[in-house]
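Data first, discussion second: the structure below is written as structure tokens.
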Amino acid sequence: MEENPLVKRDEKAARVKVERKEGEPTAAFKGASWAALAVGVSAYLIGLFNATMELNEKGYYFAVLVFGLYAAVSLQKAVRDKEEGIAVTGIYYGLSWLAVIISISLMAIGLYNAGSIILSEKGFYAMAFVLSLFAAITIQKNIRDTQLAREKD
112 MEENPLVKRD EKAARVKVER KEGEPTAAFK GASWAALAVG VSAYLIGLFN
162 ATMELNEKGY YFAVLVFGLY AAVSLQKAVR DKEEGIAVTG IYYGLSWLAV
212 IISISLMAIG LYNAGSIILS EKGFYAMAFV LSLFAAITIQ KNIRDTQLAR
262 EKD
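Here it is, written out as structure tokens:
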């Protein structure tokens, strides 16, 4: 049988499909989580960059975003560790919850008191903030699930 000159030799070899481990999130879900984080944080930062507010206000909203992302990941880790029977001190668990509550409160209070921002911009910042926090939690969960699934083998 004659070889097709248009097909490379590498393409002829049987492709081995990498099997997903049980409990591991799909590549699509991982990708969607990273995309949600990129969209949320990018939209928030682009909106902040283009905003007509003063630099100290922009710094406040940037700090609240960074604090919220860290707090959300920390809380997800503490909750997951507790679920899996990994020792978590009560103070760390409580501080993780408190940090998330404070970051959300700071965002809400800041937006409520922002007189220079119109209502649609307030909604934009709130939604980008919530999307970013949710995506950060989901990514942390995906990382833990992937690690756990691979450790089983």
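For the sequence shown, the positions run 112 to 264 when our numbering is used. All C-beta atoms in this analysis are idealised placements derived from N, C-alpha and C, irrespective of residue type, glycine included. On a predicted model such as this, the values are computed, not experimentally measured, just so you know.
task: Could you tell me if M218 is buried or exposed, where buried requires 16 or more neighbouring beta carbons within 10 angstroms of its beta carbon?
output: Position 107 of the sequence shown holds residue 218. With 16 or more other Cβ atoms within 10 Å, it is buried.
- prompt: Apart from the five residues just before and just after A260, which ones in its own chain have a Cβ nearer than 7 Å to its Cβ?
  reply: Taking the sequence shown and counting its residues from 1, the one referred to as residue 260 is at position 149. Same-chain partners within the cutoff: K132, E133, G134, E135.
message: I need the straight-line Cα distance from S227 to A182, nearest angstrom please.
response: The residue given as residue 227 occupies position 116 in the sequence shown. The residue given as residue 182 occupies position 71 in the sequence shown. Cα to Cα, the separation comes out at about 28 Å.
message: On the DSSP letters alone, give me the boundaries of the alpha helix (DSSP H) that A247 sits inside.
response: As a working mapping, residue 247 is identified with position 136 in the sequence shown. It spans 230 to 263 - the alpha helix (DSSP H) in which A247 sits, taken as one unbroken run.
- request: Determine the extent of the alpha helix (DSSP H) in which V152 is found, giving its start and end residues.
  value: Taking the first residue of the sequence shown as 1, we reach residue 152 at position 41. Per DSSP, V152 belongs to the alpha helix (DSSP H) from 138 to 161.
task: Measuring alpha carbon to alpha carbon, tell me which of E130, I212, L166, Y172 ends up nearest A271.
output: This structure cannot speak to residue 271, because the chain is shown only from 112 to 264.
query: Can you name the start and end residues of the alpha helix (DSSP H) that I212 belongs to?
result: Position 101 of the sequence shown holds residue 212. I212 -> alpha helix (DSSP H) spans 201 to 224.
Whole-angstrom distance between S231 and L244, CA atom to CA atom: The sequence position of residue 244 within the sequence shown is 133, counting from 1. The sequence position of residue 231 within the sequence shown is 120, counting from 1. C-alpha separation (whole angstroms): 20 Å.
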